[in-house]
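I have placed the structure first, in the form of structure tokens, so that the comments after it can refer back to it.
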Amino acid sequence: MNWDWLLKLGLIIYGLLIFALSLRILMKRRPVGVTLAWLLFLYILPGLGLFFYLLFGERYLGRIRARRANQQFQYYSLWLQRILVTQQTSLPTTAVVRPVMELTRGSIGMPVISGSQWQLFSEAPEVFHTLINDINDAKETIFFEFYILEAKGSVEPVLAALESAVGRGVHVNLILDSVGSNRFLRSSRCQQMRDQGIRILDALHANYLRMTLRRQDLRQHRKLIAIDNRIAYTGSMNLADPVFFKTKSGVGPWVDVMVRLEGDITKIIQGTLIFDWEMETGIRLEKHLDWPTFEHTSDSNQMQLLPSGPALDEEILLQVLLTAIHNAQRSVIITTPYFVPDEALLQALKSAAKRGLDVTLIVPRKNDSKLAQYAGRSFYHELLVAGVQLLRFNGGLLHSKTVIIDDHLVLIGSVNLDMRSIWLNFEATLIVDDARFCQALLKIIDEYSKQSEPLYLNVWQKRAYARRVLENIAQLASPLL
């Protein structure tokens, strides 16, 4: 056998593969940083780069799921259009809120809902206590959607309440991410709940044997609950007790914020959960949809749900963030556990600070993701130079994901300010125009500030040279995080 000939043939085939993949990367027309990062990875570590691009390089849902998503979105869009036609709600007139809500409505057809009742929770025990009471009062349907479910501590009574509800004849549906909730999905506790009649979906099932058919790191990252089209929850908290969750990571307790909602906005949230269920299963749950009645209310607050992900307008989340920041006139306050922005978002924050706005970014001092932590720190210097106030939270892993513009507009939900949340994950953001809601959230953020220490430019410049090198190396991967 002529081994030299086989070697040459192998090199030719491999070279053609690299060339074809390079051309494919270039023709995808993604942000320049993402394109360059993949090309760099491909040529520095050619074999590994080829493997990882097949695994993580493109936003494809898979043929069957993509077809379902397209079919369900057509039906879902008609449902939203009928709501838009029948409702009488006018958009806010304020310069910062109206463009954001117009963009969300124009892009994915989301109506603006008036008169919602809300409660903000910053402590997990309050969330669990209130949620159990709501589950015990459920009459027809319960939908849960979480990235992580961990059956420990205060979560166990919630699961017991769900079992009791299904025993009363309530339809109980859980959508859990395949990766985030992997341990629970493989547990006997999960099987026990299924045996009692609770329907549990292993969403976006990770199967590395089929990596060429669907990207494996597209995750279902939403935190949503809907009960009887009457009550809903959203925010940043996974279904996990912070007393027990990731205690060995050394970052302290996870600190979250959740919103409990009543009113017509809950019907929009339940509709989104039904869309996600149908996308995974292909089973139509039309009977669980409900139509908002739009009764007159004296409460003038306005809310809008922004679901984002590969099955929807892929740029809507980034466009909403940029629109909100660019239209800010006084202040921008952000809390996020993972801060790895793309170039457009970074420039928007720097521009706002240079315009004289008060721009505050609150991040945890310690993080469970070292790569994201170092990549995020690589942006600190230019933010500080631009005038952004950086606060590092010392009370645990600050996991709340909020944006407040001009002490008026609020974005709150599951979205991290990193490229994974913005471009890849299925996320949910609640857009709120309500002075009382904003003030209540600002009180919570004020408590975060009291447990944080400001980072000053002259201090940051004195960090070790080796750490700067590590941060800049991590930044190379930031477009891929």
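Going letter by letter, the sequence shown gives residues 1069 to 1549 in the working numbering.
C-beta: ideal position from N, C-alpha, C; glycine also.
Nonlocal neighbours in the same chain, by C-beta distance under 7 Å from residue i, ignoring five residues either side
i, result
"Arg1445", "Glu1539"
"Arg1278", "The pLDDT assigned to Arg1278 is 49, lower than 50, so where the model puts this residue is not dependable, and the model offers no usable value."
"Arg1290", "Glu1213, Ser1482, Phe1494, Glu1495 and Ala1496"
"Leu1414", "Phe1447"
"Val1323", "Gly1463, Gly1464, Leu1465, Leu1466, His1467 and Ser1468"
"Gly1174", "none"
"Val1247", "Ala1274 and Arg1287"
"Phe1505", "Trp1186, Asn1369 and Val1478"
When the options are compared against residue i, the one with the closest alpha-carbon
i, options, result
"Val1471", "Trp1528, Leu1417 and Tyr1442", "Leu1417"
"Met1487", "Arg1287, Gln1149 and Leu1094", "Arg1287"
"Glu1319", "Gln1149, Val1165, Leu1510 and Gln1441", "A small fix is needed here, since residue 1319 is Val in this sequence, not Glu. Of the listed residues, the one whose Cα sits closest to Val1319 is Gln1441."
"Gly1463", "Glu1521, Ala1532 and Glu1218", "Glu1521"
"Ile1093", "Gln1259, Gly1117, Thr1497 and Val1500", "Gly1117"
"Asp1436", "Thr1315, Gln1259 and Ala1206", "Thr1315"
"Leu1525", "Ile1480, Ala1508, Arg1504 and Leu1451", "Leu1451"
"Gly1303", "Ala1192, Gly1248 and Gln1507", "Ala1192"
"Pro1409", "Leu1108, Arg1257 and Leu1544", "Leu1544"
"Asp1344", "Ile1200, Leu1079, Lys1518 and Ile1243", "Ile1243"
"Asn1241", "Pro1375, Leu1227 and Ser1256", "Leu1227"
"Glu1180", "Arg1166, Pro1432, Trp1106 and Leu1089", "The identity of residue 1180 in the sequence shown is Val, whereas the question assumes Glu. When only C-alpha atoms are compared, the closest one is Arg1166."
"Leu1425", "Val1238, Val1527, Thr1404 and Ile1393", "Ile1393"
"Ala1206", "Leu1230, Pro1225, Gly1115 and Leu1485", "Leu1230"
"His1239", "Ser1175, Ile1333 and Leu1353", "Leu1353"
"Ala1443", "Val1400, Arg1536 and Ala1503", "Arg1536"
"Thr1403", "Glu1515, Leu1159 and Asn1204", "Glu1515"
"Asp1332", "Leu1492, Leu1148 and Asp1263", "Leu1148"
Bounding residues of the alpha helix (DSSP H) (the contiguous stretch that carries residue i)
i, result
"Met1371", "Not the alpha helix (DSSP H): Met1371 falls in the beta strand (DSSP E), residues Gln1370 to Ser1376."
"Ser1482", "Element bounds for Ser1482: n/a, residue is neither H nor E."
"Phe1447", "Careful: Phe1447 lies outside any alpha helix (DSSP H) and carries neither H nor E."
"Thr1198", "Ala1192 to Asn1204"
"Ala1233", "Val1223 to Gly1235"
"Ile1295", "It is not in any alpha helix (DSSP H) - Ile1295 instead sits in the beta strand (DSSP E) that spans Leu1292 to Ile1295."
"Gln1187", "Element bounds for Gln1187: not the alpha helix (DSSP H) but the beta strand (DSSP E), Gln1185 to Phe1189."
"His1394", "Ile1384 to His1394"
"Glu1411", "Glu1411 to Lys1422"
"Arg1173", "Val1165 to Ile1176"
"Leu1538", "Tyr1533 to Leu1544"
"Leu1253", "Asn1250 to Leu1253"
Close-in-space but distant-in-sequence residues of the same chain around residue i (CB under 8 Å, 5 per side omitted)
i, result
"Val1456", "Leu1417, Lys1418, Ala1421, Val1427, Thr1428 and Leu1429"
"Gln1338", "Thr1209, Phe1211, Ala1294, Asn1297, Ala1300, His1356, Leu1357 and Asp1358"
"Thr1172", "Met1178, Gln1372, Leu1374, Ile1384, Val1388 and Ile1499"
"Leu1152", "Arg1173, Gly1177 and Pro1179"
Which residues DSSP lists as bridging residue i, in chain order
i, result
"Thr1470", "Thr1403 and Ile1480"
"Asn1241", "Phe1211 and Arg1267"
"Ile1342", "Answer is none; Ile1342 lacks a bridge partner."
"Trp1359", "None; Trp1359 has no bridge partner."
"Arg1460", "Val1431 and Glu1521"
"Asp1502", "Answer by DSSP bridge pairing: none, since Asp1502 is not bridged."
"Thr1497", "Leu1374 and Gly1481"
"Asp1426", "Ser1399"
"Gln1288", "Phe1494"
"Ile1181", "Met1371"
"Val1323", "Leu1466"
Close beta carbons around residue i, own chain, < 6 Å, minus the five adjacent residues each side
i, result
"Glu1348", "Leu1269 and Ala1271"
"Gly1235", "none"
"Val1500", "Met1371 and Val1478"
"Phe1312", "Lys1220 and Gly1221"
"Leu1329", "Ser1184, Trp1186 and Ala1300"
"Gly1265", "Val1234"
"Ala1532", "none"
"Ser1489", "Val1483 and Glu1495"
"Leu1146", "none"
"Tyr1144", "Phe1343"
"Leu1217", "Leu1244, Ser1249, Phe1252 and Leu1307"
"Ile1401", "Thr1428 and Ile1472"
Supposed close pair residue i, residue j - CB separation, criterion 8 Å
i, j, result
"Leu1523", "Tyr1448", "7 Å"
"Gln1397", "Ala1163", "7 Å"
"Ile1336", "Leu1373", "5 Å"
"Leu1390", "Ala1412", "6 Å"
"Leu1110", "Leu1089", "7 Å"
"Ser1399", "Asp1474", "6 Å"
"Ile1480", "Val1325", "7 Å"
"Glu1346", "Gln1140", "5 Å"
"Pro1225", "Phe1196", "7 Å"
Enclosing beta strand (DSSP E) for residue i [first to last residue]
i, result
"Gly1303", "Ile1299 to Gly1303"
"Met1326", "Met1326 to Glu1330"
Neighbour flag for residue i against chain D, beta carbons, 8 Å
i, result
"Leu1485", "Although the question refers to chain D, the structure presented lacks it and comprises just one protein chain."
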